[in-house]
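S.K.: Dropping a structure here in structure tokens format, bear with me for questions.
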Amino acid sequence: MSAGPPRAGFAALACIALLVAGAGAGLLLEAMRAPQALLAAPDAYLLRIVRFTLWQAMVSTVLSVVPAIFVARALASHPTFPGRALVLRLFALPLALPPLVAALGILALLGRSGLIADLYAALGGGRWPGIYGLAGILVAHTFFNLPLATRFLLQALDTVPADQWRLASQLGMNARARFRFVEWPAIRASLGGVAGIVFMLCVTSFTIVLVLGGGPAATTLEVAIYQALRFDFDPARALVLTALQLVLTGFALYLLFRLGADLTAEANPSVSARRFSAPGTGERLANLCLIALAATYVAAPLAAVLIAGLQADLPRLAGEAAVHRAAATSLVLAVCAATLCLMLTYALVRTRHALARARGARPASLAERAMDQGASLVLVVPPIVLGAGWFILLRHFADAFAIAPIMVITVNAVMAMPFALRALRPAHDAAAERHDRLCASLGITGFTRLRLIDWPALRRPFLTAFAFAMALSLGDLGVIALFGSDQVQTLPYLLFARLGSYRTADAAGLALVLAVLCFALMLLADQRGRTLS
Numbered sequence: 426m427s428a429g430p431p432r433a434g435f436a437a438l439a440c441i442a443l444l445v446a447g448a449g450a451g452l453l454l455e456a457m458r459a460p461q462a463l464l465a466a467p468d469a470y471l472l473r474i475v476r477f478t479l480w481q482a483m484v485s486t487v488l489s490v491v492p493a494i495f496v497a498r499a500l501a502s503h504p505t506f507p508g509r510a511l512v513l514r515l516f517a518l519p520l521a522l523p524p525l526v527a528a529l530g531i532l533a534l535l536g537r538s539g540l541i542a543d544l545y546a547a548l549g550g551g552r553w554p555g556i557y558g559l560a561g562i563l564v565a566h567t568f569f570n571l572p573l574a575t576r577f578l579l580q581a582l583d584t585v586p587a588d589q590w591r592l593a594s595q596l597g598m599n600a601r602a603r604f605r606f607v608e609w610p611a612i613r614a615s616l617g618g619v620a621g622i623v624f625m626l627c628v629t630s631f632t633i634v635l636v637l638g639g640g641p642a643a644t645t646l647e648v649a650i651y652q653a654l655r656f657d658f659d660p661a662r663a664l665v666l667t668a669l670q671l672v673l674t675g676f677a678l679y680l681l682f683r684l685g686a687d688l689t690a691e692a693n694p695s696v697s698a699r700r701f702s703a704p705g706t707g708e709r710l711a712n713l714c715l716i717a718l719a720a721t722y723v724a725a726p727l728a729a730v731l732i733a734g735l736q737a738d739l740p741r742l743a744g745e746a747a748v749h750r751a752a753a754t755s756l757v758l759a760v761c762a763a764t765l766c767l768m769l770t771y772a773l774v775r776t777r778h779a780l781a782r783a784r785g786a787r788p789a790s791l792a793e794r795a796m797d798q799g800a801s802l803v804l805v806v807p808p809i810v811l812g813a814g815w816f817i818l819l820r821h822f823a824d825a826f827a828i829a830p831i832m833v834i835t836v837n838a839v840m841a842m843p844f845a846l847r848a849l850r851p852a853h854d855a856a857a858e859r860h861d862r863l864c865a866s867l868g869i870t871g872f873t874r875l876r877l878i879d880w881p882a883l884r885r886p887f888l889t890a891f892a893f894a895m896a897l898s899l900g901d902l903g904v905i906a907l908f909g910s911d912q913v914q915t916l917p918y919l920l921f922a923r924l925g926s927y928r929t930a931d932a933a934g935l936a937l938v939l940a941v942l943c944f945a946l947m948l949l950a951d952q953r954g955r956t957l958s
């Protein structure tokens, strides 16, 4: 795998650079046509959007990360209680759930006609006001990011050496002392990176704000870019908004790396599966209540999606030609995007390893660092920004809507690369360490080596990365929201259209179908990977 010239990785980097450069060219072209748009002082509208984007991201980060500290600590304190594995699986489900489906679940639970509204009226509370605006955005972001932050912090706690737990038990430390001297140092080391990742996800959130924002008072930069292009068709305004969004995401990514977050590294291994101190009765009860509350918070929107979806007229939806076309389009685009994602990611991983072997003990070259971080740096340009740049560029030369499939496939593939890289790189490097000398002595290279030697170690990471990339593409609304039309519709686009026309029952049914497809992909990858391992 490490044999052979490293040209494939440079070709992959060139594809990423072309995608970003094309978007930049479209924005630069528009800037040359309307330079006064960039030079004008920000008006009250722009300042209000920037403030709201930052405010909702900061509040969402606090509401996600602070509770996650205590949930992770509670889970770490009880490594063997019945149901722990089920809770951790539940916390993994939001990663596979499209944001549009989660927004529909929150509306089905907390909207003006949701399950809580009926209960509120039955208890004599009158009409339930709903959960649009900032409150809805915060609930949705916390639904996604609380489980994510909990899993990251739980990994950090699992790296505490067993002798520290043993010493804490021998010294008779109570819960407060254990947290201060044993648990908090491990949490603090990863807290900045976890908070940075959550903040980055909230700054670049599009679908959640689009569905739950509730009007101009709760609009972020990404939603404003979409509105400027699709509704107002004001490229100059979109250009200014895009420039501001790039500044924000660039700053967030800078903080992310300064805080030590690494999207390409392997998760820290657990070294302390055993605990040497048993929590007291009061602490045990508090921990279990905290875990139950967090699990309920995550499970409730999922249950609402299921209940609302089953109440829809699923047989009629299943017979609609529009649903058939949207489902087929979504699956084809998702398969193509996942395939392209794995090709580009594998090329980067393979070339990086070849460059690392060639340099020996010398410092890593610029090319090697580019292979290592190139996929992560694309996060500085959110999908809506890439789509906006290409939308502006293509409208001068072609029908932008006719090129929708290519744009959806390419952007979704590149945006899934940081996650695919996290899955593939550790397994690839481990297999390379075991097999490089043997393959070099036998002259086994290229596809023959991949098929005969390395594939048994790489098939599970490949399946996991493929399923994750496909699930991300299936649930994406960002690019298709700009390029979608009556001729090119995906399931998220059709779902959003039904929701916009107040056909909420149809939207709930489509949300259930989309959720089932994404969950099935993750389950298939997990089960198939276990079978093949």
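Here the sequence shown is numbered in the numbering used here, starting from 426 and rising by one per residue.
Note that the Cβ used here is the ideal one computed from N, Cα and C, for glycine as well.
1. Can you list, in chain order, the residues of its chain whose CB lies under 7 Å from that of cysteine 943, leaving out five sequence neighbours each side?
2. Does serine 615 pass the burial test, meaning 16 or more other C-beta atoms within 10 Å, or should it be called exposed?
3. For glycine 903, is the classification buried or exposed, using 16 other Cβ atoms within 10 angstroms of its Cβ as the cut-off for buried?
4. Please list, in chain order, all residues of the same chain as threonine 632 whose beta carbon is under 6 Å from its beta carbon, the five residues on each side excluded.
5. Just how far apart, CA to CA, sit serine 437 and leucine 773?
6. Could you tell me whether the segment 545-560 touches the segment 657-669, where touching means 3 or more Cβ pairs closer than 8 Å?
7. With a threshold of 7 Å on Cβ separation, who are the neighbours of alanine 433 within its own chain once the five nearest residues in sequence on each side are excluded?
8. Using the C-alpha atoms, what's the distance from alanine 759 back to valine 490?
9. Using the C-alpha atoms, what's the distance from alanine 795 back to alanine 783?
10. Do three or more CB pairs link the segment 578-594 to the segment 555-568 at distances below 8 Å?
11. Report yes or no: do the segment 823-833 and the segment 910-925 share at least 3 C-beta pairs separated by less than 8 Å?
12. CB valine 496 to CB alanine 752, shorter than 9 Å?
13. Ignore the nearest five residues each way along the sequence and tell me which others in alanine 482's own chain have a CB closer than 7 Å to its CB.
14. Given that a residue counts as buried once 16 or more other Cβ atoms are within 10 Å of its Cβ, and exposed if not, what is glutamate 455?
15. Do the segment 528-536 and the segment 929-947 touch if we need at least three Cβ pairs shorter than 8 Å?
16. Quick one, which of Ile562, Ser755 and Arg923 has its alpha-carbon nearest alanine 737's?
17. Would you tell me roughly how many angstroms separate the C-alpha atoms of valine 484 and leucine 563, rounded to the nearest one?
18. Compare the beta carbon distance of proline 830 and proline 886 with 9 Å and say whether it is the shorter of the two.
19. Looking at leucine 646: is its Cβ nearer than 9 Å to the Cβ of leucine 664?
20. For leucine 907, which option in Leu544, Cys714, Gly812 and Phe606 has the closest C-alpha, if you only look at C-alpha atoms?
21. Using the beta-carbon count (16 or more within 10 Å), is methionine 973 buried or exposed?
22. How would you label glutamate 858, buried or exposed, when you count the other beta carbons within 10 angstroms and need 16 or more for buried?
23. Going by beta-carbon coordinates alone, are glycine 447 and leucine 818 separated by less than 9 Å?
24. How is asparagine 570 classed by DSSP in three states: helix, strand or coil?
25. Taking the C-alpha atoms as reference points, what is the distance between isoleucine 650 and arginine 476?
26. Between the alpha carbons of arginine 709 and asparagine 570, how many angstroms are there, rounded?
27. Which residue wins for smallest C-alpha separation from tyrosine 679, given the options Leu544, Thr505, Gln798 and Phe891?
28. Excluding sequence positions up to five away, which residues of its chain have a Cβ less than 8 Å from the Cβ of glycine 814?
29. Express the C-alpha separation of arginine 603 and leucine 673 in angstroms, rounding to a whole number.
30. Roughly how many whole angstroms lie between the Cα atoms of serine 866 and alanine 882?
31. What number of angstroms, rounded off, separates the C-alpha of alanine 729 from the C-alpha of glycine 934?
32. Express the C-alpha separation of histidine 778 and valine 803 in angstroms, rounding to a whole number.
33. Just curious, the alpha helix (DSSP H) that asparagine 837 is in, first and last residue?
34. Within the continuous alpha helix (DSSP H) that includes tryptophan 609, where are the two ends?
35. Among the candidates Trp880, Pro917, Cys714 and Ala493, whose CA atom is the shortest distance from the CA of alanine 855?
36. Do the CB positions of leucine 529 and valine 648 come within less than 9 Å of each other?
M.R.: Short version:
1. Ala521, Leu522, Pro523, Ala896, Leu899 and Gly900
2. buried
3. buried
4. Pro524, Leu525 and Leu902
5. In the sequence as displayed, the identity of residue 437 is alanine instead of serine. When rounded, the distance between both Cα atoms is 7 Å.
6. no
7. Ala772, Arg775 and Thr776
8. 31 Å
9. 16 Å
10. no
11. yes
12. no
13. Phe624, Cys627 and Val628
14. buried
15. yes
16. Arg923
17. 7 Å
18. no
19. no
20. Gly812
21. The requested residue 973 does not occur in the structure, where the chain is confined to residues 426 to 958.
22. exposed
23. yes
24. helix
25. 16 Å
26. 25 Å
27. Gln798
28. Gly447, Ala448, Gly449, Ala450, Gly451, Leu452 and Thr667
29. 38 Å
30. 20 Å
31. 12 Å
32. 21 Å
33. 829-840
34. 609-628
35. Trp880
36. no
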